[in-house]
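Here the protein sequences come in this chain order: W and S.
Residues 67 to 597 in our numbering are what the first sequence spells out, letter by letter.
Residues 67 to 597 in our numbering are what the second sequence spells out, letter by letter.
Glycine is no exception: its CB is placed at the ideal position from the N, C-alpha and C atoms.
Inspection log for the structure reproduced underneath, given as structure tokens.
There are 2 protein chains.
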Amino acid sequence: MMDYQLTLPTLLERARRWFPEQQIVSNLPEGIHRYTFRDFYGRVCRLMNVLRGLGVRPGDRVATFAWNHFRHMELYYAVPALGAVLHTLNIRLAPQQLEYIVNNAEDTTIFADADLAPQLVPLLGRIPSVQSFVIMGAADPAATGLAPVLDYETLMADAAEDAEFPEIGEREACMLCYTSGTTGNPKGVLYSHRSQVLQCLIGGMTDNFQFTEGDVMLAIAPMFHVNGWGIPFLCAMLGARPVLPGATLDSATLVRLIREEGVTFTNGVPTIWTGVLDYLREHGGDLGRLERVLIGGAPVPLELIDAYRRDYGVALRQAWGMTETAPPGRPLVYTRSMQALPEAEKLAFLRKSATVGPCEEIKVVDELGVELPWDDTAMGELLVRGVGMAAGYFNNPEASQAFADGWLHTGDVVSVDPHGNYRIRDRAKDLIKSGGEWISSVALENAIMSCAGVAEAAVVARPDHRWDERPVAFVVLRGDAAPTEPEDIIAHIAPEFAKWQLPGPEDIRFVEALPKTSVGKFDKKVLRTQV
Amino acid sequence: MMDYQLTLPTLLERARRWFPEQQIVSNLPEGIHRYTFRDFYGRVCRLMNVLRGLGVRPGDRVATFAWNHFRHMELYYAVPALGAVLHTLNIRLAPQQLEYIVNNAEDTTIFADADLAPQLVPLLGRIPSVQSFVIMGAADPAATGLAPVLDYETLMADAAEDAEFPEIGEREACMLCYTSGTTGNPKGVLYSHRSQVLQCLIGGMTDNFQFTEGDVMLAIAPMFHVNGWGIPFLCAMLGARPVLPGATLDSATLVRLIREEGVTFTNGVPTIWTGVLDYLREHGGDLGRLERVLIGGAPVPLELIDAYRRDYGVALRQAWGMTETAPPGRPLVYTRSMQALPEAEKLAFLRKSATVGPCEEIKVVDELGVELPWDDTAMGELLVRGVGMAAGYFNNPEASQAFADGWLHTGDVVSVDPHGNYRIRDRAKDLIKSGGEWISSVALENAIMSCAGVAEAAVVARPDHRWDERPVAFVVLRGDAAPTEPEDIIAHIAPEFAKWQLPGPEDIRFVEALPKTSVGKFDKKVLRTQV
Chain W
67 MMDYQLTLPT
77 LLERARRWFP
87 EQQIVSNLPE
97 GIHRYTFRDF
107 YGRVCRLMNV
117 LRGLGVRPGD
127 RVATFAWNHF
137 RHMELYYAVP
147 ALGAVLHTLN
157 IRLAPQQLEY
167 IVNNAEDTTI
177 FADADLAPQL
187 VPLLGRIPSV
197 QSFVIMGAAD
207 PAATGLAPVL
217 DYETLMADAA
227 EDAEFPEIGE
237 REACMLCYTS
247 GTTGNPKGVL
257 YSHRSQVLQC
267 LIGGMTDNFQ
277 FTEGDVMLAI
287 APMFHVNGWG
297 IPFLCAMLGA
307 RPVLPGATLD
317 SATLVRLIRE
327 EGVTFTNGVP
337 TIWTGVLDYL
347 REHGGDLGRL
357 ERVLIGGAPV
367 PLELIDAYRR
377 DYGVALRQAW
387 GMTETAPPGR
397 PLVYTRSMQA
407 LPEAEKLAFL
417 RKSATVGPCE
427 EIKVVDELGV
437 ELPWDDTAMG
447 ELLVRGVGMA
457 AGYFNNPEAS
467 QAFADGWLHT
477 GDVVSVDPHG
487 NYRIRDRAKD
497 LIKSGGEWIS
507 SVALENAIMS
517 CAGVAEAAVV
527 ARPDHRWDER
537 PVAFVVLRGD
547 AAPTEPEDII
557 AHIAPEFAKW
567 QLPGPEDIRF
577 VEALPKTSVG
587 KFDKKVLRTQ
597 V
Chain S
67 MMDYQLTLPT
77 LLERARRWFP
87 EQQIVSNLPE
97 GIHRYTFRDF
107 YGRVCRLMNV
117 LRGLGVRPGD
127 RVATFAWNHF
137 RHMELYYAVP
147 ALGAVLHTLN
157 IRLAPQQLEY
167 IVNNAEDTTI
177 FADADLAPQL
187 VPLLGRIPSV
197 QSFVIMGAAD
207 PAATGLAPVL
217 DYETLMADAA
227 EDAEFPEIGE
237 REACMLCYTS
247 GTTGNPKGVL
257 YSHRSQVLQC
267 LIGGMTDNFQ
277 FTEGDVMLAI
287 APMFHVNGWG
297 IPFLCAMLGA
307 RPVLPGATLD
317 SATLVRLIRE
327 EGVTFTNGVP
337 TIWTGVLDYL
347 REHGGDLGRL
357 ERVLIGGAPV
367 PLELIDAYRR
377 DYGVALRQAW
387 GMTETAPPGR
397 PLVYTRSMQA
407 LPEAEKLAFL
417 RKSATVGPCE
427 EIKVVDELGV
437 ELPWDDTAMG
447 ELLVRGVGMA
457 AGYFNNPEAS
467 QAFADGWLHT
477 GDVVSVDPHG
487 NYRIRDRAKD
497 LIKSGGEWIS
507 SVALENAIMS
517 CAGVAEAAVV
527 ARPDHRWDER
537 PVAFVVLRGD
547 AAPTEPEDII
557 AHIAPEFAKW
567 QLPGPEDIRF
577 VEALPKTSVG
587 KFDKKVLRTQ
597 V
């Protein structure tokens with residue numbers, strides 16, 4: 067058989083050859099920017115020459131600090147096409163975290179959006195590997211305060227449009243992304259070309275999200291988060307149209323983009339979709355051609371799924387994933403057999419968050435490592451392995467030991483039904499152990515979020531002299547909620563739980579807002595400090 | 067990233083884990099045989115132990131000489147799972163060809179159906195590498211006349227059901243299939259595990275045949291032909307249901323299986339579907355849940371596509387492929403953009419036979435190797451490369467030189483439209499050169515087959531003193547056709563061709579039947595000897 071390598075430049079070449087007229091749409095401060103994959107290909111070639119001019123060599127790490135837009139997508143292809151590694155920095159991290167990450171990755175250049183550049187100024191003098199900053203979308207790059215500083219479009223204008231593509235092996239690295247670091251220092255996951263191409267093939271299957279060339283994909287999930295959940299690569303492979311929302315992520319803008327661009331698919335964390343629903347209820351209107359939404363990062367309340375399905379004909383699907391399993395997105399998808407089930411059984415499946423694709427495997431084990439049955443009840447830690455999974459952390463031999471047995475230990479507690487669909491019951495460290503029995507914080511959160519008037523809820527453990535741990539619920543009410551007492555909430559959720567699993571009235575705490583991590587998850591570290 | 071190997075045992079494990087209840091259905095002389103993927107897994111393990119007992123070692127070639135049924139499918143998985151190579155012998159070949167192939171492959175064992183075993187008797191004493199024959203479905207294996215001879219089910223009954231799976235690299239060989247040998251000796255194509263798994267992933271994409279777990283796939287294409295066009299592997303990956311028709315391939319049986327088993331997808335060469343259409347017109351009735359048919363091996367008359375679409379709601383789709391590009395099946399599929407086109411333009415696409423999937427590339431070149439434009443007009447030889455393509459022939463260094471430049475030179479003459487869809491215009495050697503200009507034999511055949519009353523037509527060149535070559539059409543009329551003269555046919559097709567491209571009345575020859583090759587294509591070698 068031919069030794070055809072699964073590399074990202076083959077996706078770029080595919081887009082150029084088969085889908086040259088397809089558009090890439092970016093929402094910029096100055097308005098909508100459009101060009102075609104043909105234009106894109108030419109600019110990626112220019113950018114490869116720019117990078118060569120900056121001294122970038124195969125294996126070098128080149129960082130971005132940017133929103134989702136066409137220039138960021140150009141970097142997604144040009145850097146790996148040179149055999150170098152694109153390192154997407156999370157724009158929501160604190161300077162100390164950024165400093166650690168840039169130094170751990172030894173980035174040689176940082177490509178930054180003009181409006182984000184000020185966040186990098188505190189790093190000057192502390193990141194010795196960085197030789198230059200290239201600013202995107204600036205009137206005056208020097209005004210950013212960064213140095214030495216260059217202008218993206220000036221470099222592009224001076225570069226040739228013919229580029230030479232070096233031969234790249236599929237096991238070479240193409241992308242680098244750090245975990246958000248809920249425990250200890252952030253850890254870098256180095257993705258191979260092979261893993262990204264295979265994830266695109268698996269993502270393009272019918273028994274997944276039914277992605278096709280006709281899709282218009284609004285990429286809300288940030289391109290600095292797990293390779294933008296794979297959308298920039300998937301679009302080129304399928305010839306689908308990416309819509310990149312830039313820095314403006316308020317509900318009004320998202321709804322406008324969805325309607326005006328004919329978006330069929332989009333993604334994001336649950337809070338985005340809670341906001342969009344509130345906006346639609348206040349302002350009316352529909353979601354145009356939107357069909358499906360991939361939600362990840364946190365459990366999705368069933369109420370939210372149901373509201374979108376009923377009122378807007380939009381299918382919200384949860385997916386499980388981690389930086390270590392990029393891109394996330396193993397959604398529960400109704401196969402035809404499932405579609406034939408009675409409506410009530412079908413709805414029950416929506417409580418499950420994920421299924422398993424080809425070329426990947428799961429195992430659920432108890433605390434002793436013994437495999438548990440797939441009976442929808444037994445809860446244990448989820449172990450995964452497969453073509454898209456990390457086998458270690460970049461430049462971090464100590465943390466990499468977690469992979470020693472060939473499985474990724476996810477730290478997520480799940481149960482698996484006999485169909486092989488799994489449900490995230492909790493993070494291992496978020497489980498509450500009360501009187502020797504487990505209480506699922508996620509189950510309590512979902513139940514509380516289904517109460518009328520509740521916008522968000524997060525549950526953590528507080529130490530308890532008698533029971534070891536007891537659950538504490540932090541609850542955010544909607545602006546328009548009727549007066550609500552802790553007892554109302556307890557009465558509403560009581561049917562779903564054993565009595566000892568329920569928080570007491572004193573452990574239901576109403577707050578104005580919940581702390582969130584840089585990727586939009588509830589920040590339980592902060593909440594634990596408050597109990 | 068984890069070094070997860072793309073091997074066939076991962077598909078078997080997937081079927082066992084996720085789809086244990088899915089059925090595998092076989093049509094046997096004694097009636098319908100059903101069991102589940104759970105049963106199948108257990109029997110594959112037994113068969114691995116049987117094979118080990120027969121002395122089969124990694125790398126050995128194990129041959130089959132069999133129809134499509136569950137035992138053949140067990141061999142499809144058990145032999146590669148041992149690291150050995152399954153060699154599927156074509157049951158329609160002559161003894162001399164079989165002798166050449168078995169000796170070239172150095173098969174160690176042949177698994178044969180009882181009813182086919184007599185065809186192997188002439189080989190006895192001429193195939194020294196073969197140490198035993200294992201007979202499937204025999205009352206008395208010794209009665210076949212083969213020796214030494216064993217009985218499949220007796221061996222299985224004696225074997226343990228626990229099997230050890232050795233580690234296999236994805237680039238190791240799993241299957242071997244010989245071309246039908248239209249020129250010179252048959253040539254063997256040795257498939258890697260990787261190529262088969264990747265073809266399954268590509269086959270499972272939405273922008274392909276929309277295969278899902280809910281599909282019921284009637285595998286008419288023989289399992290001795292290019293790995294059964296991949297269906298035995300695809301079904302395990304998706305959890306879809308294979309229906310294996312055994313030795314009975316008459317139209318009445320196929321229609322009955324399609325209706326009774328709820329078949330949604332099937333495949334085969336065009337002549338099968340001409341026969342089924344005739345049967346339906348004579349006997350009435352419908353095709354149940356059947357939705358899509360993958361047709362390969364020869365061009366499909368537009369009339370046939372149109373009749374199935376109009377009268378039975380079934381989409382016939384052509385696909386191009388060769389033994390060297392296994393499995394064949396790069397069908398033209400309507401992407402959403404194409405679906406939005408006016409009906410007339412959509413129909414025009416059906417004249418195209420194929421599109422190109424991810425991880426594969428095409429190039430069309432003229433006689434000097436210069437690449438031709440994608441303008442739907444320029445005709446040249448199709449060159450392909452990609453993950454599923456052969457890079458050489460087994461045990462045949464001389465023929466393997468054809469791959470020296472990294473591309474497979476297909477010998478097919480095509481034109482490509484601006485969408486990248488290509489249309490087979492002819493085999494390079496079937497083109498007719500008349501007065502220095504080319505005439506496409508396929509275009510003439512399609513036009514003649516669209517005449518009322520014509521069942522089949524094949525066109526070849528005859529030598530001509532003045533013009534070098536002139537086209538000769540062999541035409542088979544339907545039983546119920548009105549009296550038809552050569553002039554009627556010429557008048558019907560005249561609008562589509564230049565005058566010099568039309569055969570003269572003396573070159574339209576009515577015949578009772580056309581000679582066919584072992585895989586159902588028109589045998590133009592035989593026709594050329596008649597002109």
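Taking 8 Å as the upper bound for CB-CB distance, W:Gly387 and W:Trp133 are not in contact here, some 21 Å apart. Following the DSSP letters along the chain, one finds W:Thr332 inside the beta strand (DSSP E) bounded by residues Phe331 to Gly334.
When the beta-carbon positions are compared, W:Gly203 and W:Tyr218 come within less than 9 Å of each other.
In chain order, Met67 make up the part of chain W whose C-beta sits under 8 Å from the C-beta of S:Ser258.
Around the Cβ of S:His349, a 10 Å sphere holds fewer than 16 other Cβ atoms; the residue is exposed. For W:Trp84, the enclosing alpha helix (DSSP H) covers residues Leu74 to Trp84. Proximity of the segment 517-535 of chain S to the segment 455-475 of chain S falls short of the contact definition, fewer than three beta-carbon pairs being nearer than 8 Å.
In the three-state DSSP reduction, S:Cys111 falls in the helix class (H, G or I). Under a criterion of Cβ atoms nearer than 9 Å, no residue of chain W is adjacent to S:Thr154; the nearest Cβ is some 17 Å distant.
According to the DSSP assignment, W:Lys499 belongs to the beta strand (DSSP E) that extends over Ile498 to Ser500. If only uninterrupted alpha helix (DSSP H) runs of at least 4 residues are considered, those enclosed by the segment 517-578 of chain W are 552-559. In the structure shown, W:Thr174 adopts extended strand secondary structure according to DSSP, grouped into three states. Ranked by Cα distance from S:Phe275, the first of S:Lys253, S:Gln384, S:Val215 and S:Pro288 is S:Gln384. Using beta-carbon distances, W:Tyr70 counts as an interface residue toward chain S, with a partner under 9 Å. Contact check for W:Gly454 and W:Ala392: beta-carbon distance about 6 Å, within the 8 Å limit, so the pair qualifies. Note: S:Val479 is bridge-paired with S:Glu447 and S:Asp492 in the DSSP secondary-structure output. At least one beta carbon of chain W lies nearer than 9 Å to the beta carbon of S:Met271. For S:His138, same chain residues with a beta-carbon under 7 Å away, outside a window of 5 residues either side, are Thr130, Ala132 and Met289 in chain order.
Taking 7 Å as the cut-off between beta carbons, none of the residues of the segment 229-248 of chain W comes near chain S. At a cut-off of 9 Å between C-beta atoms, W:Glu327 does not count as an interface residue with respect to chain S.
Cα atoms of S:Leu117 and S:Val145: separation of roughly 8 Å, rounded to the nearest angstrom. Comparing alpha-carbon positions, the option among W:Ile556, W:Leu77, W:Asp589 and W:Cys243 lying closest to W:Cys266 turns out to be W:Leu77. Per the coordinates, the alpha-carbon of W:Pro424 lies some 10 Å from the alpha-carbon of W:Asp273. At a cut-off of 9 Å between beta carbons, W:His485 contacts chain S. Under the three-state reduction of DSSP output, W:Gln71 falls in the coil class, being neither helix nor strand. Neighbours of W:Gly379 in chain S, taken as residues whose beta carbon is under 8 Å from its own, are absent, since the nearest beta carbon is some 18 Å off. Here the alpha carbons of W:Val151 and W:Pro124 stand approximately 8 Å from one another. Flagged as an interface residue toward chain S: W:Leu304, by a C-beta distance shorter than 9 Å. Our two residues, S:Asp377 and S:Leu346, have alpha carbons roughly 10 Å apart in a direct line. For S:Ile297, the uninterrupted alpha helix (DSSP H) segment begins and ends at Ile297 to Leu304. By the neighbour-count definition (other C-beta atoms within 10 Å, threshold 16), W:Gly97 is an exposed residue. Contacts with chain W at 9 Å (Cβ-Cβ) include S:Ile268.
With a contact defined as Cβ atoms closer than 8 Å, W:Ile556 and W:Leu543 miss out at about 15 Å. Put simply, of S:Ala302, S:Gly270, S:Val200 and S:Leu190 the residue whose alpha carbon is nearest the alpha carbon of S:Phe106 is S:Ala302. Between the alpha carbons of S:Arg192 and S:Gly211 lies a gap of roughly 15 Å.
The C-beta of W:Leu77 comes closer than 9 Å to at least one C-beta of chain S.
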